[in-house]
Amino acid sequence: MSAKIRLYVEHPLGPGQSVPLTRDQAHYLFGVMRLAVGGQVALFNGQDGEWLADVAEAGKRGGVLSCARQTKPLQMPPDLWFLFAPIKKARTDFIVEKAAEMGAARILPVQTEFTNSERIRQDRLQAHAVEAAEQCGGTYVPEVSDLQRLDRVLDAWEDRQLMFCDEAEVGSVLRLAANETGQPWAILIGPEGGFSDRERARLSGLSYAHVVSLGPRILRADTAAVAALTMWQQALGDWS
Ligand code: SAH
Numbered sequence: 218m219s220a221k222i223r224l225y226v227e228h229p230l231g232p233g234q235s236v237p238l239t240r241d242q243a244h245y246l247f248g249v250m251r252l253a254v255g256g257q258v259a260l261f262n263g264q265d266g267e268w269l270a271d272v273a274e275a276g277k278r279g280g281v282l283s284c285a286r287q288t289k290p291l292q293m294p295p296d297l298w299f300l301f302a303p304i305k306k307a308r309t310d311f312i313v314e315k316a317a318e319m320g321a322a323r324i325l326p327v328q329t330e331f332t333n334s335e336r337i338r339q340d341r342l343q344a345h346a347v348e349a350a351e352q353c354g355g356t357y358v359p360e361v362s363d364l365q366r367l368d369r370v371l372d373a374w375e376d377r378q379l380m381f382c383d384e385a386e387v388g389s390v391l392r393l394a395a396n397e398t399g400q401p402w403a404i405l406i407g408p409e410g411g412f413s414d415r416e417r418a419r420l421s422g423l424s425y426a427h428v429v430s431l432g433p434r435i436l437r438a439d440t441a442a443v444a445a446l447t448m449w450q451q452a453l454g455d456w457s
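Heads up, the sequence shown is in our numbering, so the first residue is 218 and it goes up one at a time.
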């Protein structure tokens, strides 16, 4: 039997390992979820797989869990980065949540020429990625980077294929060509305003870029994110 509640902790997990809880975690488990001593929780930390743990101590401001046995090994997602231009707050939250569920290994918000927001709350977005991993049964949490300029990210690019989702290709039949699996990849989705001509020219000229169309309709950035991740996972990722 596995526990219904899954919790991400920043603590080593192993046989008999005690895991102290933070105030927030204790509040969630004992205050909100009404767990008591003897109750069970599934724990993961992004490194040691998933562990079934028993509540050993339960308090208002803290508590201790004790690892019983491993219930899942660490399951790493494919080496896939997800680059996107942040949009409105709620939709940006959605994109991070979906990218984590869909199996991105790293999430990189990028500032493009037509990106409106100049700031993001990296800590909030990281918390969304943690929640998504807790909810979807993942044993890994993708790191969410701070906002970086797209041109700088490209300047520092190393050995990685790039699926460039270009709205200018709407209606064309450019899809991901068959390629070797197991390679490092990235997906790039633009902002509501799309890519500038300059960005499009640079991106299309990159030897590692694969220009892709997401069908005959212009999708909103959050829809495009899920569609692109689906397309990539189906062709090259861990869906097969
Ligand atoms: N305002 C732009 C659309 C931007 S859509 C326009 O009207 O042209 C936001 C992002 O989603 C785009 O930058 C692109 O990365 C992706 N996208 C949306 N629809 C797409 C499609 N049909 N093909 C490829 N990419 C698409």
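From the three backbone atoms N, C-alpha and C, an ideal C-beta is built for every residue, glycine too.
Treat the numbers as computed from the prediction; the structure is a model and nothing was measured.
For residue i, write down the residues that DSSP places opposite it in a beta bridge.
i    : result
W402 : L297, Q378
P326 : F301
Y225 : F261
Q343 : Bridge partners of Q343: none, in fact.
R366 : Q328
With a threshold of 16 other CB atoms inside 10 Å of the CB of residue i, please say whether the residue is buried or exposed.
i    : result
N396 : exposed
V387 : exposed
C353 : exposed
N262 : buried
K315 : buried
V254 : exposed
P237 : exposed
V347 : buried
V327 : buried
G399 : exposed
I406 : buried
M319 : buried
P290 : exposed
A418 : exposed
When the Cα of residue i is compared with those of the options, which residue comes out closest?
i    : options                : result
W298 : L246, V358, D271       : V358
V439 : R323, A426, I312, A316 : Correcting the residue type first, residue 439 is Asp in the shown sequence and not Val. Checking every option, the nearest Cα to that of D439 belongs to I312.
G266 : Q287, M448, L282, E274 : Q287
A273 : P303, P290, L246, T309 : L246
E384 : Q365, R366, F412       : F412
A275 : C284, G256, E409       : G256
G231 : H345, A444, L282, R336 : L282
A307 : A322, I337, Q292, H427 : I337
R323 : L453, P408, R415, W402 : W402
V428 : M293, L379, K289, D363 : L379
Q234 : G248, A285, Q264, A243 : A285
L431 : L420, T447, G422, Y425 : T447
V390 : P433, E318, A243, T309 : P433
R366 : R341, V226, T329       : T329
A373 : L423, L252, P229       : L423
K277 : D271, V249, A270, L300 : V249
D368 : A321, E416, H345, E227 : E416
Just to confirm the assignment, what range does the alpha helix (DSSP H) spanning residue i have?
i    : result
L453 : 438-453
A465 : Here the chain has residues from 218 to 457 only, and residue 465 is not among them.
S283 : No alpha helix (DSSP H) contains S283, which is instead part of the beta strand (DSSP E) from 280-289.
D241 : 240-243
E416 : 414-422
A321 : Careful: A321 lies outside any alpha helix (DSSP H) and carries neither H nor E.
Which residues bound the beta strand (DSSP E) around residue i?
i    : result
S235 : 235-237
A275 : 267-275
V387 : First-last for V387: undefined, no H or E at that position.
A426 : 426-429
Nearest-residue set for ligand 1, Cβ under 5 Å from any heavy atom: C382, E384, V387, I406, G407, G411, S430, L431, I435, L436, A438, A441
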